[in-house]
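Asker: After the structure tokens below, expect a handful of questions from me.
Residue numbers (our numbering): 48 to 388.
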């Protein structure tokens with residue numbers, strides 16, 4: 048009978064959606080318990096249950112279609128029908144559809160956090176957490192403020208300066224540990240003109256994003272270098288001219304004074320700078336008193352290379368996570384590690 052068939056279809060749809068919710072809950076458990084990227088992949092296969100990650104909203108869509116059909120019928124036959132009854136019926140079906148509709152947001156959310164956890168474990172990245180090697184009790188606001196104080200290159204904007212995303216990690220270069228803070232830095236410069244009444248009017252606000260890293264436990268070298276701008280990078284105000292003509296044309300080097308630069312910019316440093324900057328438009332600044340450097344580039348090192356777009360089951364999710372990588376971060380690490388080695 049049609050009624051029995053309908054009941055059975057509703058029951059099947061409800062059961063399918065409950066299994067999707069169960070799968071989402073299992074994925075959250077994996078996020079909280081997995082200790083390595085391989086462990087995440089291992090827990091996804093074999094799954095041992097229904098692998099579906101797509102909610103079935105057939106009945107919700109059908110109710111909307113019915114409501115729309117009733118609305119059209121009401122418009123056509125309005126002289127002969129009870130307007131209030133048809134309007135109430137349309138509203139009833141729409142509300143019913145809204146109640147039983149299952150949003151795909153929980154699935155998208157758990158996949159997003161699985162991606163972040165996968166990248167965290169694979170690349171040893173800890174996003175949004177104050178690095179443990181900083182003094183105990185540091186607040187997030189104080190932490191970001193201290194970074195900007197250490198490196199004025201993080202204050203390039205006259206209208207806005209903010210670190211919108213950061214992560215900490217540890218690199219081992221020649222078996223020596225280096226604490227790293229990766230950052231995404233956003234700044235804005237406001238351009239204004241003054242009218243005849245000496246009143247300023249903003250005509251443009253230019254926004255820029257830079258990505259890079261602050262590296263600790265480096266050599267204390269008092270200089271800065273840039274191929275983004277010829278302007279000096281604070282606190283270095285003295286320009287250096289190398290005997291290498293190509294280097295002079297492609298890179299601007301600054302220091303405290305000429306004597307300091309002459310001692311620091313050796314042929315070995317020159318070769319390393321050439322290799323580091325050949326793939327980046329960037330700014331490099333050493334802290335003048337601490338063994339720390341800041342390297343900012345226009346390339347998004349946080350970009351995740353994704354091959355899978357529509358993920359509707361656990362099998363596709365596993366394949367998606369298995370192929371996730373951050374090639375720009377890998378290259379960034381290779382280049383910067385070679386420079387500080």
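Every residue gets a Cβ at the ideal spot worked out from N, C-alpha and C, and that includes glycine. Model, not experiment: these values are computed from the prediction.
In three-state terms, what does DSSP make of residue 212?
Answerer: Here residue 212 refers to the residue found at position 165 when the chain shown is read from its first residue. It is a strand residue.
Asker: Could I get the ranges of all uninterrupted alpha helix (DSSP H) runs contained in the region 277 to 323, with 4 residues as the minimum, in chain order?
Answerer: Runs found: 292 to 297 and 305 to 311.
Asker: When the Cα of residue 86 is compared with those of 165, 273 and 364, which residue comes out closest?
Answerer: Position 39 of the chain shown holds residue 86. The candidate whose alpha carbon is nearest that of residue 86 is 165.
Asker: Do you know offhand how far residue 253's Cα is from residue 236's?
Answerer: Locating residue 253 in the chain shown gives position 206, where the first residue counts as 1. Locating residue 236 in the chain shown gives position 189, where the first residue counts as 1. So the two alpha carbons sit approximately 5 Å from each other.
Asker: Any idea which residues DSSP pairs residue 233 with across the strands?
Answerer: The residue labelled residue 233 in the question sits at position 186 within the chain shown. Bridge partners of residue 233: 209 and 256.
Asker: Locate the beta strand (DSSP E) running through residue 344, then write down its first and last residues.
Answerer: As a working mapping, residue 344 is identified with position 297 in the chain shown. Residues 339 to 344.
Asker: What would DSSP say about residue 330, mapped onto helix, strand or coil?
Answerer: Mapped onto the chain shown, residue 330 falls at position 283. Residue 330 falls in the strand class under three-state DSSP.
Asker: Verify whether the separation of the beta carbon atoms of residue 340 and residue 387 is less than 9 Å.
Answerer: Along the chain shown, one-based indexing puts residue 340 at 293. Along the chain shown, one-based indexing puts residue 387 at 340. Yes, they are a contact pair.
Asker: From the DSSP output, in three-state form, read off residue 388 for me.
Answerer: For the purposes of this step, residue 388 is taken as the residue at position 341 of the chain shown. Looking at residue 388 - three-state DSSP - the assignment turns out to be coil, as it is neither helix nor strand.
Asker: With distances taken between CB atoms, is the gap from residue 360 to residue 100 smaller than 9 Å?
Answerer: Position 313 of the chain shown, counted from the start, is the residue given in the question as residue 360. Position 53 of the chain shown, counted from the start, is the residue given in the question as residue 100. Yes, these two residues count as a Cβ contact at 9 Å.
Asker: For residue 375, which option in 255, 367, 344 and 385 has the closest C-alpha, if you only look at C-alpha atoms?
Answerer: Here the question's residue 375 lines up with position 328 in the chain shown. That would be 344, whose Cα lies nearest to the Cα of residue 375.
Asker: Between the C-alpha atoms of residue 104 and residue 191, what's the straight-line distance to the nearest angstrom?
Answerer: Numbered from its first residue, the chain shown carries residue 104 at position 57. Numbered from its first residue, the chain shown carries residue 191 at position 144. Going from the Cα of residue 104 to the Cα of residue 191 covers about 45 Å.
Asker: Taking residue 285 as the reference, which of 257, 291, 307 and 274 has the closest Cα?
Answerer: On the chain shown, residue 285 is found 238 positions in, with the first residue counted as 1. Of the candidates 257, 291, 307 and 274, the one whose C-alpha sits nearest the C-alpha of residue 285 is 307.
Asker: Compare the C-alpha of residue 156 against each of 350, 75 and 293 and name the closest.
Answerer: As a position in the chain shown, residue 156 is number 109, starting the count at 1. With distances taken between Cα atoms, residue 156 lies closest to 75.
Asker: Could you round the C-beta distance between residue 348 and residue 379 to whole angstroms and report it? I think they count as a contact, below 8 Å.
Answerer: Counted from its first residue, the chain shown places residue 348 at position 301. Counted from its first residue, the chain shown places residue 379 at position 332. That pair is a contact at about 5 Å.
Asker: In whole angstroms, what is the alpha-carbon distance linking residue 63 and residue 149?
Answerer: Your numbering for residue 63 matches position 16 in the chain shown. Your numbering for residue 149 matches position 102 in the chain shown. Approximately 11 Å, taken between the alpha carbons.
Asker: For the putative contact between residue 211 and residue 384, defined by C-beta atoms under 8 Å, what is the C-beta separation to the nearest angstrom?
Answerer: In the chain shown, residue 211 corresponds to position 164, counting from 1. In the chain shown, residue 384 corresponds to position 337, counting from 1. Not confirmed; about 25 Å, so no contact.
Asker: With DSSP run on the structure shown, which of helix, strand or coil describes residue 217?
Answerer: Your numbering for residue 217 matches position 170 in the chain shown. In the structure shown, residue 217 sits in a strand (DSSP, three-state: E or B).
Asker: Does the distance from the C-beta atom of residue 352 to that of residue 169 stay below 9 Å?
Answerer: The residue given as residue 352 occupies position 305 in the chain shown. The residue given as residue 169 occupies position 122 in the chain shown. No; because the gap between Cβ atoms is not below 9 Å, this pair is not in contact.
Asker: To the nearest angstrom, how far is the alpha carbon of residue 48 from that of residue 109?
Answerer: Taking the chain shown and counting its residues from 1, one reaches residue 48 at position 1. Taking the chain shown and counting its residues from 1, one reaches residue 109 at position 62. Low per-residue confidence applies at residue 48: pLDDT is 38, beneath 50, and the placement is therefore not dependable, though the value from the model is reported in the following sentence. Spanning the two alpha carbons is a distance of roughly 20 Å.
Asker: Taking contact to mean 3 or more Cβ pairs, one atom from each stretch, closer than 8 Å, check whether the region 194 to 214 and the region 223 to 234 are in contact.
Answerer: Contact between the region 194 to 214 and the region 223 to 234 is present, because at least three Cβ pairs lie under 8 Å.
Asker: Can you tell which of 297, 338 and 320 has its C-alpha closest to the C-alpha of residue 331?
Answerer: Residue mapping note: residue 331 aligns to position 284 of the chain shown, counting from 1. If we check each option's Cα against that of residue 331, 320 comes out closest.
Asker: Could you give the DSSP three-state label for residue 48: helix, strand or coil?
Answerer: To locate residue 48, count along the chain shown from 1; it is residue 1. Bear in mind that a pLDDT of 38 at residue 48, under 50, signals an unreliable position, so the model cannot answer this.
Asker: Taking 9 Å as the cut-off, decide whether the C-beta atoms of residue 146 and residue 114 are in contact.
Answerer: Taking the chain shown and counting its residues from 1, one reaches residue 146 at position 99. Taking the chain shown and counting its residues from 1, one reaches residue 114 at position 67. Their beta carbons are not under 9 Å apart, which means residue 146 does not touch residue 114 by this criterion.
Asker: Going by Cα to Cα distance, which pick from 266, 305, 72 and 288 is closest to residue 224?
Answerer: Within the chain shown, the letter at position 177 stands for residue 224. Checking every option, the nearest Cα to that of residue 224 belongs to 266.
Asker: Given that a residue counts as buried once 16 or more other Cβ atoms are within 10 Å of its Cβ, and exposed if not, what is residue 382?
Answerer: As a first step, residue 382 is located in the chain shown; it is residue number 335 there, counting from the start. Result: buried.
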